[in-house]
Amino acid sequence: MFRNLSTIGLPLSGRPSELIELALSFGFDGMDIDILDFCQQAEIYGVDHARRLMVSARLQASSIHLPITLGGDDATFASEAEQLPKLFEMAQATECSRATATVVPGSDEHAFKDFFELHRSRLDQIGSMAAKHDVTVGLAIIPEADQRADFSHQFIYNYEGLLGLISSSHDSIGVVLDNWSLHVGGESVSVISQLPANRIVELRISDAPADVAANELGASQRLMPGETGVINSVELLNTAEKAGFEGPVTPWATREALKGIGRERIVRLAGDRLETFWKDAGLPIVPRWFAPAVTDEQETNNAEVLGLPEESDKPSESAAPQTADA
1 MFRNLSTIGL PLSGRPSELI ELALSFGFDG MDIDILDFCQ QAEIYGVDHA RRLMVSARLQ
61 ASSIHLPITL GGDDATFASE AEQLPKLFEM AQATECSRAT ATVVPGSDEH AFKDFFELHR
121 SRLDQIGSMA AKHDVTVGLA IIPEADQRAD FSHQFIYNYE GLLGLISSSH DSIGVVLDNW
181 SLHVGGESVS VISQLPANRI VELRISDAPA DVAANELGAS QRLMPGETGV INSVELLNTA
241 EKAGFEGPVT PWATREALKG IGRERIVRLA GDRLETFWKD AGLPIVPRWF APAVTDEQET
301 NNAEVLGLPE ESDKPSESAA PQTADA
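Start counting the sequence shown at 1; every next residue gets the next number (our numbering).
Below is the structure:
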């Protein structure tokens with residue numbers, strides 16, 4: 001397993017060089033790839049130029065997020081699917097073997113059985129395309145009750161349902177295991193035992209408020225991992241390691257949870273939390289070769305970070321501060 005930074009998982013903005021420097025400074029081993037931006041750069045300057053920053057930084061290209069609407073109408077899906085072979089080709093060019101997509105938890109047009117078959121058929125198409133470029137596609141779920149309440153027909157929103165879909169899909173279709181989704185859905189990390197290790201594409205870790213029942217949580221309440229200790233991230237790491245998982249572990253939190261916190265502080269806090277989890281899980285930590293760009297004197301204690309007003313953020317010496325809600 002390796003520690004991964006996603007600018008979707010932790011809503012961050014900035015130039016690629018800035019984000020890569022932050023990832024290196026705070027102990028991350030990999031980063032997700034913005035595949036659409038990469039394709040644009042590759043078309044203009046060539047693949048080698050487009051991937052030069054990641055290569056020189058020695059960061060793993062962890063995953064790409066597929067711009068695909070699995071439950072969309074036929075015309076929308078066909079148009080989006082037409083672009084996938086090129087995206088998978090570019091992912092392979094970056095030495096990235098993972099992609100992710102999200103299953104929407106309901107439909108106004110399709111009952112469960114028909115929607116399941118529609119997904120299975122489309123995932124077979126996607127899996128066949130991905131396999132040609134040695135990419136596995138992980139499916140993520142949306143577990144919060146309020147996210148499916150307005151649909152005429154509910155669909156998959158927990159891992160019990162998702163594993164049923166994956167087991168009937170192409171071998172290149174796998175799962176994104178998310179401890180927030182497990183917590184909200186009242187499920188156990190034992191679901192890992194129902195999957196081969198090569199079908200686990202990514203682990204995502206978060207935390208939750210202590211004063212809200214799991215089944216009442218909304219998406220905006222998703223906290224930085226290790227914030228309250230309500231969700232046990234170490235348990236997920238230990239279970240995944242025993243299952244032979246070797247992929248990315250990505251911290252996730254919402255923009256609302258990170259509001260007013262500077263970009264550097266967010267990445268540093270996430271990196272420190274991951275390092276603590278790694279040690280608690282007994283996982284090896286590879287010494288970083290890159291000297292941190294931000295010193296201890298430039299940052300406050302991590303315990304004081306969340307909840308600080310925006311004006312308390314110190315800018316770095318080289319750039320103005322950027323916050324998660326910039």
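For each residue, glycine too, the CB sits at the ideal point set by N, CA and C.
Could you pull out every residue in the same chain whose Cβ sits closer than 6 Å to the Cβ of residue i, ignoring the five residues on either side in sequence?
i: P334; result: Any question about residue 334 goes unanswered here, given that the chain covers just 1 to 326.
i: G307; result: Residue confidence is low: G307 scores 41 on pLDDT, short of 50, so the model does not pin down where it sits. Its coordinate-derived value is still stated next. Answer for G307: no residue qualifies.
i: G30; result: F2, N4, L59, Q60, S62 and P248
i: T239; result: V189 and I192
i: S181; result: I141 and P143
Output yes or no for whether 9 Å exceeds the beta carbon distance between residue i and residue j.
i: L162; j: V103; result: yes
i: L283; j: L237; result: yes
i: D34; j: N4; result: no
i: A145; j: N215; result: yes
i: Q40; j: A81; result: no
i: L53; j: I68; result: no
i: A78; j: A23; result: no
Would DSSP call residue i helix, strand or coil?
i: N4; result: strand
i: A50; result: helix
i: M31; result: strand
i: I328; result: With the chain covering only 1 through 326, there is no way to say anything about residue 328.
i: Q60; result: strand
i: G161; result: helix
i: N302; result: Confidence at N302 is low in this model, with a pLDDT of 42, below 50, so its placement is unreliable and no value can be given for it.
i: G9; result: coil
i: H334; result: Here the chain comprises residues numbered 1 to 326, so residue 334 is not present and cannot be evaluated.
i: S168; result: coil
i: R268; result: helix
i: D74; result: helix
i: R98; result: strand
i: S107; result: strand
i: L24; result: helix
Within a Cβ cutoff of 8 Å, which residues of the same chain sit near residue i, ignoring the five residues on either side of it in sequence?
i: L118; result: G71 and H110
i: Q280; result: The amino acid occupying residue 280 in the given sequence is Asp; Gln does not appear at that position. Counting only Cβ-Cβ distances below 8 Å, and skipping sequence neighbours, we find V234.
i: G247; result: M1, F2, S62, R98, I200, V201, E202 and L203
i: I44; result: none
i: L195; result: L163, I166, G174, V175 and A243
i: A101; result: H65, L66, I68, L70, I126, V137, G138, L139 and A140
i: A131; result: H170, D171 and S172
Report the residue from the options whose alpha carbon sits nearest the alpha carbon of residue i.
i: E227; options: A257, A130 and G127; result: A257
i: H153; options: E144, I20, P105 and G262; result: P105
i: L59; options: S6, Q41, L66 and D108; result: S6
i: R222; options: Q194, P196, K259 and F245; result: K259
i: S167; options: E18, L123 and H49; result: L123
i: E89; options: H133, D74 and F116; result: H133
i: G138; options: V286, G127 and K113; result: G127
i: H65; options: L87, D73 and M54; result: L87
i: V286; options: F26, F151 and C96; result: F26
Taking 7 Å as the limit between beta carbons, can you name the residues of its chain near residue i, skipping five residues before and five after?
i: L217; result: E144, V184 and A208
i: Q147; result: P105 and A219
By the DSSP assignment, the alpha helix (DSSP H) with residue i in it spans what residues?
i: D178; result: Where D178 is concerned, there is no enclosing alpha helix (DSSP H), although the beta strand (DSSP E) it sits in stretches over I173 to D178.
i: T239; result: S233 to K242
i: A344; result: Because the chain spans 1 through 326 in this model, residue 344 falls outside it and cannot be assessed.
i: L283; result: Note, L283: premise wrong, no alpha helix (DSSP H); not H, not E.
In the DSSP assignment, find the beta strand (DSSP E) that holds residue i and state where it starts and stops.
i: V249; result: P248 to P251
i: A370; result: Absent from the model: residue 370. The displayed extent of the chain is 1 to 326, so no value can be given.
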